[in-house]
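Take a look at the structure set out below.
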Amino acid sequence: QVVWPIVGQEILNGDVGGGFQGVQVTSGFFQIWRSSGITSEVELYWSALAGLIMSGLMLFAGWFHYHKAAPKLEWFQNAESMLNHHLSGLLGLGCLSWAGHQIHVSLPINKLLDAGVAPQEIPLPHEFVVNRDLMAQLYPSFSKGLVPFFTLNWSEYSDFLTFKGGLNPVTGGLWLSDTAHHHLALAVLFIVAGHMYRTNWGI
Numbered sequence: 003q004v005v006w007p008i009v010g011q012e013i014l015n016g017d018v019g020g021g022f023q024g025v026q027v028t029s030g031f032f033q034i035w036r037s038s039g040i041t042s043e044v045e046l047y048w049s050a051l052a053g054l055i056m057s058g059l060m061l062f063a064g065w066f067h068y069h070k071a072a073p074k075l076e077w078f079q080n081a082e083s084m085l086n087h088h089l090s091g092l093l094g095l096g097c098l099s100w101a102g103h104q105i106h107v108s109l110p111i112n113k114l115l116d117a118g119v120a121p122q123e124i125p126l127p128h129e130f131v132v133n134r135d136l137m138a139q140l141y142p143s144f145s146k147g148l149v150p151f152f153t154l155n156w157s158e159y160s161d162f163l164t165f166k167g168g169l170n171p172v173t174g175g176l177w178l179s180d181t182a183h184h185h186l187a188l189a190v191l192f193i194v195a196g197h198m199y200r201t202n203w204g205i
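When we follow my numbering, the leftmost residue of the sequence shown carries the number 3, and every step to the right adds one.
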């Protein structure tokens with residue numbers, strides 16, 4: 003097991019002297035971080051901090067909705083609304099947001115890593131989101147914007163939404179462009195499924 007030189011952990015591969023080798027890590031954390039587009043300790047720190055803040059907000063929301071503004075029993079027995087919100091909201095928008103992260107952050111960073119660019123030379127993740135020209139250098143269809151989407155010419159996006167199958171020879175994992183395509187398809191499926199059930203608001 004060899005640790006990729008991201009998030010400053012390549013020291014784990016080294017001979018530390020005295021007959022001891024570096025810690026052999028086989029947990030898969032480095033692969034998860036790389037596939038998410040995390041390439042430095044700072045990005046890992048901010049991701050952990052954002053997760054901590056979100057978990058605190060969710061704990062507060064849970065306490066508020068069950069103690070301060072507790073709903074009536076009918077609220078829990080409304081299966082139609084639960085199906086709609088869980089399918090469309092939780093699963094549909096969850097898959098859509100993860101597909102968006104993969105397309106706008108993970109794919110460009112991993113494409114550069116696969117090409118051998120040093121992690122410290124890769125632009126920060128937000129630069130790929132706000133600078134379309136930067137993305138268009140890696141994925142030319144980004145220069146066309148949303149025009150292919152609204153004209154139903156979706157095959158234009160086949161440079162980052164692929165259906166290659168197999169494994170990426172550089173990482174040994176699934177192609178990230180395949181998984182982004184998969185999550186986008188799941189998002190559409192779940193959002194449509196969530197609207198197939200009648201709700202109390204006639205949507």
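We put the CB at the ideal spot given by N, CA and C, even for glycine.
May I ask you to report which of helix, strand or coil DSSP gives residue i?
i, result
"residue 54", "helix"
"residue 188", "helix"
"residue 176", "strand"
"residue 163", "coil"
Which value, in whole angstroms, describes the spacing of the CA atoms of residue i and residue j?
i, j, result
"residue 32", "residue 46", "11 Å"
"residue 138", "residue 83", "41 Å"
"residue 91", "residue 73", "20 Å"
"residue 133", "residue 110", "12 Å"
"residue 80", "residue 188", "25 Å"
"residue 182", "residue 140", "16 Å"
"residue 41", "residue 116", "13 Å"
"residue 193", "residue 179", "21 Å"
"residue 157", "residue 164", "10 Å"
"residue 113", "residue 55", "30 Å"
In the DSSP assignment, the alpha helix (DSSP H) including residue i goes from what residue to what residue?
i, result
"residue 150", "149 to 152"
"residue 156", "That residue, residue 156, is in no alpha helix (DSSP H); it is neither H nor E in DSSP."
"residue 40", "Residue 40 -> no alpha helix (DSSP H), and no H or E assigned at all."
How about residue i: is its C-beta nearer than 8 Å to some C-beta of chain D?
i, result
"residue 198", "The structure shown contains no chain D, having only a single protein chain."
Notebook entry, point to check: Unbroken alpha helix (DSSP H) runs of length 4 or more, entirely within the stretch 57 to 143: which are they?
Noted result: Within the stretch 57 to 143, the runs of alpha helix (DSSP H) that reach at least 4 residues and sit entirely inside it are, in chain order, 75 to 78, 81 to 86, 95 to 103, 109 to 116, 127 to 132, 134 to 140.
Check: If we count Cβ pairs, one from each stretch, closer than 8 Å, do we get three or more for the stretch 124 to 141 versus the stretch 101 to 110?
Finding: Yes, they touch.
Check: Are the stretch 144 to 155 and the stretch 63 to 79 touching, with three or more C-beta to C-beta distances below 8 Å?
Finding: No, they do not touch.
Next item on the list: Answer yes if the stretch 178 to 188 comes into contact with the stretch 41 to 61, meaning at least three C-beta pairs across the two stretches below 8 Å, and no otherwise.
Entry: As far as the Cβ criterion goes, the stretch 41 to 61 does not touch the stretch 178 to 188, which means the pair count is below three.
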